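For reference, the structure is listed below as structure tokens.
Residue numbers (the working numbering): 177 to 379.
The following block contains the structure:
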């Protein structure tokens, strides 16, 4: 099994974090929460994208996140690539809410089509090689600027981005230190990657 089953977010207030993800995004299966007091500051190096079919769903998720205590990093609006916004959850995790469509084409059913984990990395070539050696297959790769792994059967897809570029996309400074406050659960075994992201086996 080569897939990401769920993400474990580490938070100071687990009850509040669990309420946020259930009430704002409905992510009961894809996100779990556990306590942590590990020091962390600034950008944690990763974001999670919720990919939906049209702008009205982006707006709905964006508004729900703000209503439940998130901070707006980028307002929801049209862009060159579609429509999107960025929020930071109360626990500190950054979420990109995006659609490739610039116009609504159907009812606002609030379905999330894809969940994508974007890891900011220091060395794209080294990180790409590291994950390929662990059984992942590259789906798309653009000259050291972006790598997307094939995740057709995975509940959560994985992509790599240069850390500085990912911070810019997320609307925050790329500097940060300490714990990522994240554990990635899947069928790849227990390990820590070159940038300190922790993977935990579900087998």
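Quick reminder that beta carbons are idealized off the backbone N, C-alpha and C, glycines included. Model, not experiment: these values are computed from the prediction.
key: Nonlocal neighbours in the same chain, by C-beta distance under 6 angstroms from residue 398, ignoring five residues either side   = Nothing in the structure corresponds to residue 398, since the chain is present only between 177 and 379.
Sufficient close CB pairs (3 or more, under 8 angstroms) joining the region 311-325 to the region 218-230 = By the Cβ criterion, the region 311-325 is not in contact with the region 218-230, since fewer than three pairs of Cβ atoms, one from each stretch, lie closer than 8 angstroms.
key: Within the region 197-231, ranges of the beta strand (DSSP E) (whole runs, at least 3 residues)   = 207-211, 216-218 and 222-228
inquiry  = One question on the structure: do residue 194 and residue 209 come within less than 9 angstroms of each other, judged by their Cβ atoms?
reply    = The residue you call residue 194 lines up with position 18 of the chain shown. The residue you call residue 209 lines up with position 33 of the chain shown. In contact: residue 194 and residue 209 (Cβ atoms closer than 9 angstroms).
message = Along the chain, where does the alpha helix (DSSP H) containing residue 343 start, and where does it finish?
response = Stepping through the chain shown from its first residue, residue 343 is reached at position 167. That run of the alpha helix (DSSP H) goes 339-346.
ask   = Beta-carbon separation of residue 337 and residue 294 under 9 angstroms?
value = As a working note, residue 337 is residue 161 in the chain shown. As a working note, residue 294 is residue 118 in the chain shown. A contact, by the Cβ cut-off of 9 angstroms.
message = Can you tell me whether residue 182 is helix, strand or coil according to DSSP?
response = Against the chain shown, residue 182 aligns to sequence position 6. Strand at residue 182.
ask   = Using the C-alpha atoms, what's the distance from residue 340 back to residue 243?
value = The residue you call residue 243 lines up with position 67 of the chain shown. The residue you call residue 340 lines up with position 164 of the chain shown. In a straight line, the C-alpha of residue 243 is about 29 angstroms away from that of residue 340.
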